[in-house]
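Okay, so the sequence shown: first residue is 95 according to my numbering, each after it adds one.
We put the beta carbon where it would ideally sit given N, CA and C, even for glycine.
Here the structure is laid out as structure tokens; the discussion comes afterwards.
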Amino acid sequence: MSSSTRPAWQKRETGLVARMILSFAILGLLYIIFLSVLAYLGLGFVPIAIVASVMILAQWYFSDKIVLWSSGAKLVTRDQFPELHDLVERIVARNNLPKPKIAVIKAHMPNAFATGKGPKSSVVAVTTGLMEILDTLELESVIAHELTHIRNRDVLVLTLASLFSTVAWYLMQFGFYGGLYSGGMGYGGNRSNNSAGAMIIVIAVAMLTWVISFLVIRAISRYREFAADRGSAQMTGKPVKLANALMKISGTMKNIPTKDLRQVEGLNAFFIVPALSGSTIGNLFSTHPPVQKRVEKLMEMEASMG
């Protein structure tokens with residue numbers, strides 16, 4: 095089948111790349127404006143830049159380690175999980191991808207995620223609960239979904255976008271306490287008023303930056319899940335198997351105690367299905383598209399193969 099006659103979902107993923115570039119352009123512009131405002135208000139551009147740079151570098155270096163530590167994932171050898179290693183090796187061999195490290199989380203919650211700063215330093219993690227409820231082809235489709243995240247480098251993009259949001263929050267704190275202890279809150283009337291006004295501007299700009307970053311991150315996260323679903327279908331040729339896996343995961347998740355799900359809620363953006371997808375105010379604030387919508391798209395892909 096020529097590239098011109100293939101279904102749209104089988105063609106190269108350009109939509110995700112375009113969205114990631116646009117998102118970084120928006121976030122980059124926001125931060126230029128934010129730092130410029132802070133410098134204009136006399137909060138010190140150099141110390142602000144140093145704080146922001148140190149935070150970004152630290153989180154960049156430790157991001158994947160933090161994700162693994164937070165989830166309780168442990169790297170496993172072939173001797174420990176031979177079938178899981180065989181499954182991953184079959185997928186990467188068929189699709190000419192580097193083999194990632196493999197981690198397992200001992201938890202009843204069925205889920206999986208990928209992390210890492212690049213294809214050669216990536217990790218795919220699955221829970222023991224996931225391996226218990228899925229058959230081999232369903233588990234293969236989930237692994238392929240995570241490998242697509244790695245191939246698309248959207249794990250890295252999501253991590254960096256999250257760093258922007260975090261830095262905005264801390265820069266707001268830095269600006270607030272910097273204004274508080276710089277003498278601006280002294281007894282001089284004009285000086286005090288000017289300082290108070292400056293802090294209000296700092297907080298307002300920081301909050302606007304954080305809110306926009308928050309929304310951009312979630313928009314990227316939702317689209318990357320659709321893209322990874324398509325990638326899994328391309329790698330395995332069996333979209334229906336991923337659809338079955340998603341329904342099994344979301345169905346089983348309902349039986350997991352809420353207190354257990356809340357312990358890993360902070361990793362929702364990385365999971366194939368969020369641990370808690372409770373009542374958010376519409377899909378605008380969700381890290382994932384609804385499972386039912388993902389299943390519908392996968393079944394459309396399955397029908398197009400027929």
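The Cβ atoms of ALA197 and VAL170 sit closer than 8 Å to each other. A contact is defined here as three or more CB-CB pairs under 8 Å, and the segment 306 to 319 meets this definition with respect to the segment 241 to 249.
With a 10 Å radius around the Cβ and a threshold of 16 neighbouring Cβ atoms, LEU151 comes out exposed.
Within its own chain, no residue has a Cβ closer than 7 Å to the Cβ of GLU177 once the five positions on either side in sequence are excluded. The beta strand (DSSP E) runs of length 3 or more contained entirely in the segment 200 to 263 are, from start to end of the chain, 206 to 209, 217 to 221.
Using a Cβ distance threshold of 8 Å, LEU181 and GLU232 do not count as a contacting pair. Here DSSP, grouped into helix, strand and coil, assigns ALA337 to helix.
Note that the segment 331 to 340 does not touch the segment 349 to 357; fewer than 3 beta-carbon pairs, one per stretch, sit closer than 8 Å. For ARG356, the closest of SER165, LEU123, ALA206, ILE127 by C-alpha to C-alpha distance is SER165. Spatial neighbours of ALA322 in its own chain (CB-CB distance under 6 Å, excluding positions within 5 residues in sequence) are listed in chain order as HIS239, THR242, HIS243. VAL148 and ALA208 have their C-alpha atoms some 25 Å from each other. For LYS168, the three-state secondary structure derived from DSSP is strand. Shown here, ILE366 sits in coil according to DSSP, grouped into three states, outside any helix or strand. If you check the CB distance, ALA339 and LEU162 do not come in under 8 Å. In the DSSP assignment, ILE185 falls within the alpha helix (DSSP H) that extends over 176 to 188. The residues LYS193, in chain order, have a CB closer than 6 Å to that of VAL186 in the same chain once the five nearest residues on each side in sequence are set aside.
Per DSSP, LYS387 is one residue of the alpha helix (DSSP H) stretching across 385 to 399.
Residues of the same chain with a CB within less than 8 Å of the CB of LEU191, apart from the 5 flanking positions on each side, are ILE185, PRO213, LEU241, ILE244, ARG245 in chain order.
The alpha carbon of ALA327 has as its nearest neighbour, out of ILE144, ASN189, LEU309, ILE294, the alpha carbon of ASN189. Check the Cα spacing between VAL310 and each of SER344, THR381, GLU394: the tightest is with THR381. Distance from the CA atom of VAL217 to the CA atom of ILE294, rounded to whole angstroms, is 43 Å. In the structure shown, the three-state DSSP call for VAL198 is strand. Excluding its 5 nearest sequence neighbours in each direction, LYS195 has C-beta neighbours in its own chain below 6 Å: LEU169, VAL217, listed in chain order.
One thing to note: THR221 has its Cβ within 8 Å of the Cβ of ILE199. Burial is judged here by how many other beta carbons sit within 10 angstroms of a residue's own beta carbon; PRO368 has at least 16 and is buried. Between ALA119 and PRO383, the alpha-carbon positions lie close to 24 Å from each other. Per DSSP, the continuous alpha helix (DSSP H) segment holding ASP354 begins and ends at 352 to 356.
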